[in-house]
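Chemist:
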């Protein structure tokens with residue numbers, strides 16, 4: 030459905046919430062940082078409360094909350110012994126992330142374009158914005174050809 034979920038009430042009731050990007054069928058951006066920003070700001074306006082849905086809550090929904098609603102909370106979602114090593118590294122030297130004194134900047138100012146390195150399950154899959162596990166250019170060409178044939 031559509032509309033604005035009552036997230037603050039859901040969190041207060043102990044409901045586990047996961048935040049994601051959906052899919053390219055309904056969300057072309059596929060940028061979880063954008064979704065965090067939108068979610069936090071939308072609820073501040075909806076509730077007419079600048080303190081509604083703080084950055085830490087939104088970050089939790091995008092990490093351990095997402096893992097939990099997928100039934101994978103024991104494997105992913107946090108950095109902990111025995112869990113998969115899934116992490117990203119951002120270049121926080123960018124002007125829009127300065128001064129980096131508050132992790133809330135990750136919610137309100139960062140974007141997927143700031144991600145420099147990605148590790149999934151302990152395996153380095155992107156370094157210096159270059160995907161290491163497949164040829165991204167080749168894949169995009171193949172996808173364009175498929176789209177043109179439809």
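Numbering (the working numbering), first residue to last: 30 to 179.
No residue lacks a Cβ here, since even glycine has one placed at the ideal position from N, Cα and C.
Under the rule that 16 or more other beta-carbon atoms within 10 Å means buried, what is residue 96, buried or exposed?
Modeler: As a working note, residue 96 is residue 67 in the chain shown. Flag for residue 96 reads buried.
Chemist: Under 8 Å: do the segment 151-159 and the segment 121-128 share three or more Cβ pairs, one atom per stretch?
Modeler: With a cut-off of 8 Å, the segment 121-128 and the segment 151-159 do not count as touching, because too few Cβ pairs lie within range.
Chemist: Taking contact to mean 3 or more Cβ pairs, one atom from each stretch, closer than 8 Å, check whether the segment 110-121 and the segment 64-71 are in contact.
Modeler: The segment 110-121, when compared against the segment 64-71, does not touch it at the 8 Å Cβ threshold.
Chemist: If I measure Cβ to Cβ from residue 36 and keep anything under 7 Å in the same chain, skipping five residues before and after, which residues do I get?
Modeler: For the purposes of this step, residue 36 is taken as residue 7 along the chain shown, with counting starting at 1. So the list reads 46, 72, 82, once near-sequence residues are dropped.
Chemist: For residue 138, report the span of its beta strand (DSSP E) as first-last.
Modeler: Along the chain shown, one-based indexing puts residue 138 at 109. First-last for residue 138: undefined, no H or E at that position.
Chemist: Flag residue 35 as yes if its beta-carbon sits less than 8 Å from any beta-carbon of chain B, otherwise no.
Modeler: In the displayed structure, chain B is absent; only one protein chain is listed.
Chemist: Got a sec, what are the start and stop residues for the beta strand (DSSP E) residue 146 sits in?
Modeler: Position 117 of the chain shown holds residue 146. Here the beta strand (DSSP E) through residue 146 covers 144-149.
Chemist: Quick one: Cα of residue 176 to Cα of residue 169, how far?
Modeler: Taking the first residue of the chain shown as 1, we reach residue 176 at position 147. Taking the first residue of the chain shown as 1, we reach residue 169 at position 140. Going from the Cα of residue 176 to the Cα of residue 169 covers about 10 Å.
Chemist: May I have the straight-line CA-CA distance separating residue 88 from residue 136, to the nearest angstrom?
Modeler: Numbered from its first residue, the chain shown carries residue 88 at position 59. Numbered from its first residue, the chain shown carries residue 136 at position 107. Cα to Cα, the separation comes out at about 7 Å.
Chemist: How is the beta strand (DSSP E) around residue 152 delimited, first residue to last?
Modeler: The count along the chain shown starts at 1 and reaches residue 152 at position 123. Segment 152-156, the beta strand (DSSP E) holding residue 152.
Chemist: What ranges does the beta strand (DSSP E) occupy inside the segment 50-123, keeping only unbroken runs of at least 3 residues that lie completely in it?
Modeler: Whole beta strand (DSSP E) segments, 3+ residues: 116-119.
Chemist: Identify every residue that forms a DSSP beta bridge with residue 174.
Modeler: Your numbering for residue 174 matches position 145 in the chain shown. Answer is none; residue 174 lacks a bridge partner.
Chemist: With residue 37 as the anchor, note down where its alpha helix (DSSP H) starts and where it stops.
Modeler: Taking the first residue of the chain shown as position 1, residue 37 is located at position 8. Residues 36-41.
Chemist: Taking the Cβ atom as the reference point for each residue, do residue 91 and residue 61 lie within a distance shorter than 8 Å?
Modeler: Within the chain shown, numbered from 1, the residue matching residue 91 stands at position 62. Within the chain shown, numbered from 1, the residue matching residue 61 stands at position 32. Yes, the Cβ-Cβ distance between residue 91 and residue 61 is below 8 Å.
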